[in-house]
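The structure appears below as C-alpha cells.
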Amino acid sequence: MASDSLPIQGAIGLPRESGSTWPATLHEWVITVDHKKLGLMYIGMALLFLVIGGIEASIMRVQLAVAHANFVSPEVFNRMFTMHGTTMIFFVAMPAVFGFGVYLVPLMIGTRDMAFPRLNAWGFWITLFGGVLLYFSFIGGDGLYGAGNAPDVGWWAYAPLTSTAFSKGHSTDYWTIAVLIAGFGSVATGVNLATTIVTMRCPGMTAGRMPLLVWLYLVMSGMVLFTITPLTAAQLMLMVDRYLGGHFFDTQAGGSAVIWMHFFWIFGHPEVYVLIIPAFAFISEIVPVFSRKPIFGYPIMVAATVAIGFVSMSVWAHHMFTVGMASYSNAFFVLTTMAVGIPTGIKIFNWLGTMWGGKIHYRVPMMFALGFLFQFLIAGLTGIMLSAAPFNWQLSGSYFVVAHFHYVIVGGILFSLFGAFYYWFPKMTGMMLNETLGKWHFWLFAIGFHVTFDLMHIPGILGMPRRIYTYEPGRGWEQWNLMVSLGALLQAAAILCFVVNMIWSYFRGRPAGNDPWDAWTLEWSVPSPPPVYNFAVIPEVLSRRPLWDVKHPEDPDWKYE
Amino acid sequence: MSAIPVAIRPWTLPSRGRVGMLCLIVAEAAIFTIFVVAYIFYLGKSVSGPTPQQVLDIPIFNTICLLSSSLTIHFADRALDRGQMVPFQIFWFLTFALGAIFLAGTGMEWHRLIYTAGLTISTNLFGTTYYSLVGLHALHVTFGLLGLGLVMVLALASKLKQEHAGRVGVFSLYWHFVDAVWVVVFTVVYIIGR
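Chains as they are written, first to last, in this note's numbering: chain U, 2 to 562; chain A, 0 to 193.
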C-alpha cells in the first residue's frame with residue numbers, strides 16, 4: 002500500500018527544552034547547521050534589510066516628491082540610490098530566495114538536511130557579514146582623504162567612476178568587498194542546493210517526480226554558478242585596479258570602461274532570472290494548491306525554465322544599447338531578449354491552465370500569486386518594449402526603465418515572496434498568519450504598488466532621467482512624482498500590516514497543524530514547525546504529489562504518471 | 000484493488016562530494032573564463048612596453064611538471080582504491096613535488112620579470128592582465144598544494160585508510176581542474192599571446 006511506504010509521521014517524542022535562557026538560545030542559533038534555522042535566518046536577514054532598503058527608497062521619494070526639494074543633498078541622494086540598489090539585490094532578494102530554498106528543498110525532497118550543512122552555515126554568515134560590511138561604510142568609509150562615506154557609484158558601479166581618481170576614500174572598496182564576499186556566500190549556497198537536489202532525494206523521487214519548486218531551484222542554483230562568478234572576477238579586477246595600480250578599467254592606459262559594463266551585465270542580467278526563477282517556483286506551488294488541481298504541463302514548465310536559464314545568459318548587452326555596439330550585436334541582443342518572452346509566456350499560460358476549471362480558493366497566498374501573474378505580465382511587456390533597440394535608445398536611462406525593473410522586482414519577485422511567506426509561515430512557525438490583516442497587507446500593497454510604479458512610467462516617457470536628485474518645475478513631472486511618492490506611503494503602511502501580522506500571529510495566531518492548506522508535497526507531511534530531523538522515517542514517493550496518494554489511496558496519482 | 004507495485008528498487012544517487020566539487024569547478028571555470036576573456040581582449044592594447052614578445056619565455060619544464068602531476072595523482076588514486084598504501088604515498092608525494100616545482104618555477108619567472116624585465120602589475124595592461132590571470136591560477140595551485148600536503152601528513156600519520164579513497168578522489172578532481180586550467184592559460188598567454 003502506498004500509505005505503508007509513506008507514513009504521515011508525528012514527531013518522535015523528544016522532550017521540548019523549556020526554560021532555556023536567552024544566551025543559550027542565541028548560542029544555539031549561532032552555532033546551528035540545521036537547514037531550517039539557517040533558512041529562517043536568511044529570511045530574517047532579508048526582512049531586516051528590506052526595511053533598511055525601503056527607508057532609503059522613501060528618502061529618495063521624499064526628495065523627489067516636489068521640484069527643487071532640499072530634503073537631502075545631492076551627495077546623500079547618490080549614496081541612497083547606490084545603497085538602495087545594492088541592498089535590495091544582494092541583501093534582500095538573494096537571502097530571501099536562498100532562505101526559502103534551504104528551508105524548503107530538503108523537506109520537499111524528503112531528506113534530513115542539505116548536502117553540506119556546515120557550508121550552508123558558512124554561506125549564510127558570510128552573506129550577513131557582507132551586508133554588515135556594506136553598512137559599516139556609513140561610519141568606516143571616510144578613507145584617507147576624508148572624502149565620501151557610503152558608496153555612491155550606483156549599484157552597477159560603472160568604470161571609470163570607480164577608479165581611485167574619481168572615488169576617493171574607501172567607500173567604493175566597502176561596496177566591492179561587501180558584494181564580493183556576498184557572492185562567495187551565494188556560490189557556496191548555489192553549490193549546496195544543486196548538490197542537495199542531485200544527490201539527496203528520497204527513494205522514488207526521480208527527476209520527473211520532483212516538485213516544480215525543486216526543479217526550479219536546481220536551474221536557479223546552476224545559474225548562480227555561472228552568473229555570480231563573473232561579478233566575482235570583475236570585482237577582483239576592480240580591486241587590482243584600486244589597490245595594486247592595475248589598468249583593467251583605466252582608459253588612459255588602454256583599459257576599457259565598456260568591458261566593465263559587459264562583465265557587470267553578464268552577471269547582472271542573469272541575476273534577474275536567478276531571482277525570478279524562485280519566484281516562479283513559489284507560484285508553481287501556490288497556484289495548484291489553491292486551484293485544487295495539479296500543475297498544468299509539468300514537463301513543459303521544466304523545459305521552459307531550463308530554456309529561460311539558457312537564453313537569459315545571452316541577453317546581457319540589452320543593458321548597453323546606448324553604448325554604441327555594432328548593429329549585428331544590437332540585432333543579436335534584441336532577438337535573444339525577445340526570445341526570453343517565449344518560455345516565460347509558456348509559463349504564464351500554464352499557470353492560467355492550472356487555474357482553468359479549478360476550484361479557486363481566494364486565500365492570501367493565492368491573492369499574492371494572482372497579483373504576481375498580472376503584474377509580471379505587464380513587466381514582461383514593458384521588457385519587450387525596451388528590448389527593441391530603437392525604443393531603448395529613446396528611453397534608456399529614464400524613469401521608464403526604473404518603472405520597468407521595479408515592476409519585475411516588486412510586482413513580480415516581491416509579490417511572489419509575500420505569497421510564499423503566507424503559504425509557508427504556518428509550516429515554519431506552526432501558526433497561521435491572520436487572514437484579515439493579510440488581506441489589508443495585500444490590498445494596501447497592491448494599490449500602493451500600482452500608484453507608484455504604474456505612474457512612474459509616465460515621467461520616464463516625458464523625459465525624466467533616473468538618478469537626478471531634483472528637477473526644475475514646469476516640465477510636467479511634478480504631479481506624477483508627487484503621486485509616485487504618495488504610493489510609497491501606502492506600501493510602507495502595507496509593510497507595517499505585514500510586520501504586525503507576523504508578530505501578532507506568532508504569539509496569538511491560530512495553530513496551523515501539519516497541513517493547513519490540504520497540500521500535496523512532502524513538507525506538509527511533517528509537524529509544523531518540523532522537528533530537527535525532519536522525517537522520522539525517510540519517505541518513499543511514487544508520484545509528483547505524494548500526499549495526494551496518501552490522502553486518496555483509491556485514486557492515486559501514480560496510476561496516471 | 001490490485002496490489003501496488005512497490006518493488007523495492009535499488010535507489011542510488013551520485014556521490015555528494017563529486018557533485019559538489021563539479022559544481023565548484025563550474026563556478027571556478029566561469030571566474031577563469033572572465034579573466035581569460037579580459038586577457039585576450041587586452042592583447043596588444045598596452046600603450047607602453049614591455050610586450051609579451053619581449054619578456055615572456057615559454058615555461059616548458061614547468062608545464063611538463065604540472066601536467067604530469069595529473070598522471071601521478073591518478074595513479075595515487077588508483078593505488079588508494081586498491082588499498083596499496085606505499086605506492087599511494089609515493090605517487091602522492093610525487094604529485095606534491097611536481098606541484099611545488101611548478102609553483103617555484105612561477106615564482107622564479109615572476110622574479111625575473113619584475114627585477115630583470117621591469118614588468119609589474121602596474122606597468123602596463125599586459126602586466127595587469129598577465130599577473131592577474133597567472134596569479135589567479137598560481138593561487139589555485141597553492142590551495143591545491145595545501146590540500147595535497149594535508150593528505151600527505153595524514154597518510155604519513157597512518158590516519159588515511161582505504162575507505163577514504165572516495166574523499167581523496169574528490170580532491171583529485173580539483174587538482175585535475177587546476178591542471179586543465181593551466182592548459183588554457185598556457186595556450187592563451189604563451190602561445191596565442193606571444
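Every residue, glycine too, gets a C-beta built ideally from N, C-alpha and C. Everything numeric in this text was worked out from a predicted model, so none of it was measured.
Could you tell me the distance, in whole angstroms, from the CA atom of residue i to the CA atom of residue j?
i: Tyr-274/U; j: Ile-267/U; result: 12 Å
i: Met-0/A; j: Phe-99/U; result: Confidence in Met-0/A is poor, its pLDDT being 34 and thus under 50, which makes the residue's placement unreliable; the coordinate value appears in the next sentence. So the alpha carbons of these two residues sit roughly 44 Å apart.
i: Ile-198/A; j: Leu-523/U; result: This structure cannot speak to residue 198/A, because chain A is shown only from 0 to 193.
i: Ala-308/U; j: Ile-277/U; result: 14 Å
i: His-270/U; j: Phe-422/U; result: 26 Å
i: Arg-62/U; j: Val-73/U; result: 11 Å
i: Gly-461/U; j: Met-314/U; result: 28 Å
i: Thr-177/U; j: Gly-155/U; result: 12 Å
i: Ile-361/U; j: Asn-351/U; result: 15 Å
i: Ile-198/U; j: Asp-178/A; result: 29 Å
i: Gly-165/A; j: Asn-121/U; result: 22 Å
i: Gly-310/U; j: Met-221/U; result: 8 Å
i: Val-452/U; j: Met-433/U; result: 30 Å
i: Leu-237/U; j: Thr-165/U; result: 15 Å
i: Gly-255/U; j: Val-46/A; result: 6 Å
i: Ile-32/U; j: Val-103/U; result: 17 Å
i: Ile-539/U; j: Cys-203/U; result: 7 Å
i: Val-485/U; j: Gly-464/U; result: 16 Å
i: Ala-208/U; j: Ser-544/U; result: 11 Å
i: Ile-3/A; j: Asp-550/U; result: Its pLDDT being 43, under 50, Ile-3/A is placed unreliably by the model, and nothing is read from it.
i: Phe-575/U; j: Val-259/U; result: Absent from the model: residue 575/U. The displayed extent of chain U is 2 to 562, so no value can be given.
i: Ser-168/U; j: Leu-162/U; result: 6 Å
i: Ser-6/U; j: Pro-9/A; result: Bear in mind that a pLDDT of 42 at Ser-6/U, under 50, signals an unreliable position, so the model cannot answer this.
i: Glu-272/U; j: Tyr-408/U; result: 16 Å
i: Ile-469/U; j: Phe-139/U; result: 22 Å
Just curious, the alpha helix (DSSP H) that residue i is in, first and last residue?
i: Asn-193/U; result: 172-200
i: Ser-285/U; result: 258-292
i: Ser-506/U; result: 479-509
i: Lys-552/U; result: 547-552
i: Arg-62/U; result: 36-66
i: Arg-111/A; result: 84-114
i: Asn-61/A; result: 59-80
i: His-319/U; result: Taken as a continuous stretch (DSSP letters only), His-319/U belongs to no alpha helix (DSSP H), as it is neither H nor E.
i: Glu-27/A; result: 15-40
i: Arg-243/U; result: 213-245
i: Met-151/A; result: 124-155
i: Gly-298/U; result: First-last for Gly-298/U: undefined, no H or E at that position.
Could you name the residues of chain A that residue i contacts, counting a contact when the two beta carbons are closer than 8 Å?
i: Ile-260/U; result: Ala-37 and Phe-40
i: Phe-283/U; result: Correct list: empty, because the minimum Cβ distance to chain A is about 24 Å.
i: Val-192/U; result: Gly-19, Cys-22, Leu-23 and Ala-26
For a contact defined as C-beta to C-beta under 7 Å, what are the partners of residue i on chain U?
i: Trp-174/A; result: What Trp-174/A touches in chain U: nothing, since even the nearest Cβ is about 18 Å away.
i: Lys-44/A; result: Gly-255
So with CB distances below 9 Å, who are the chain U contacts of residue i?
i: Leu-12/A; result: Val-199, Thr-200, Met-201 and Arg-202
i: Thr-127/A; result: Met-238, Val-241, Asp-242, Leu-245, Gly-246, Gly-247, His-248, Phe-249, Asp-251, Ala-254 and Gly-256
List the residues of chain A whose Cβ lies closer than 7 Å to the Cβ of residue i, in chain order.
i: Met-231/U; result: The sequence shown places Pro at residue 231/U, not Met. Within chain A, the residues near Pro-231/U are Ala-29 and Ile-33.
i: Val-196/U; result: For clarity, residue 196/U is Thr in the given sequence; the question names Val instead. Neighbours of Thr-196/U on chain A, chain order: Arg-15, Val-18, Gly-19 and Cys-22.
i: Val-188/U; result: Ala-26
i: Ala-234/U; result: Ile-30, Ile-33 and Phe-34
Using a C-beta to C-beta distance shorter than 9 Å, which residues of chain A count as neighbours of residue i?
i: Asn-160/U; result: Note that residue 160/U is Ala in the sequence shown, not Asn. Those within 9 Å of Ala-160/U in chain A number zero; the least Cβ separation is about 13 Å.
i: Phe-333/U; result: Simply none; closest approach about 17 Å.
Cβ contact check for the region 439-447 of chain U and the region 361-379 of chain U: 3 or more pairs under 8 Å: yes
Can you give, in chain order, each stretch of the alpha helix (DSSP H) that sits fully within the region 392-467 of chain U and has at least 4 residues? 400-407, 416-430 and 436-462
Whether or not the region 129-143 of chain U and the region 83-93 of chain U are in contact is what I'm after, with contact meaning three or more pairs of Cβ atoms, one per stretch, closer than 8 Å; do they touch? yes
Would you check if the region 508-524 of chain U and the region 423-438 of chain U touch, i.e. whether three or more CB-CB distances between them fall below 8 Å? yes
Taking beta-carbon pairs under 7 Å, can you tell me which members of the region 105-132 of chain A lie near chain D? In the structure shown, chain D cannot be found, because the protein chains are U and A.
Which residue spans inside the region 85-163 of chain U form an unbroken beta strand (DSSP E) run of at least 3? none
Take every Cβ of the region 242-253 of chain U, pair it with every Cβ of the region 342-358 of chain U, and state whether three or more of those distances are shorter than 8 Å. no
Validate contact between the region 277-290 of chain U and the region 74-93 of chain A using beta carbons, cut 8 Å, 3 pairs: no
contact_flag[the region 174-193 of chain A, the region 56-73 of chain A] where n(CB pairs < 8 Å) is 3 or more: yes
Is the number of C-beta pairs between the region 157-174 of chain U and the region 110-125 of chain U that are closer than 8 Å three or more? no
Three CB pairs or more closer than 8 Å across the region 41-50 of chain U and the region 63-72 of chain U: no
Extract the residue ranges of the alpha helix (DSSP H) inside the region 304-365 of chain U, only unbroken runs of 4 or more that lie entirely within it. 328-356
Counting pairs of beta carbons, one from the region 289-300 of chain U and one from the region 152-172 of chain A, are three or more of them closer than 8 Å? no
Evaluate contact between the region 492-502 of chain U and the region 176-193 of chain U, counting only Cβ atoms and requiring at least three cross-stretch pairs below 8 Å. no
Inspect the CB distances between the region 82-94 of chain A and the region 34-44 of chain A and report whether three or more fall short of 8 Å. no
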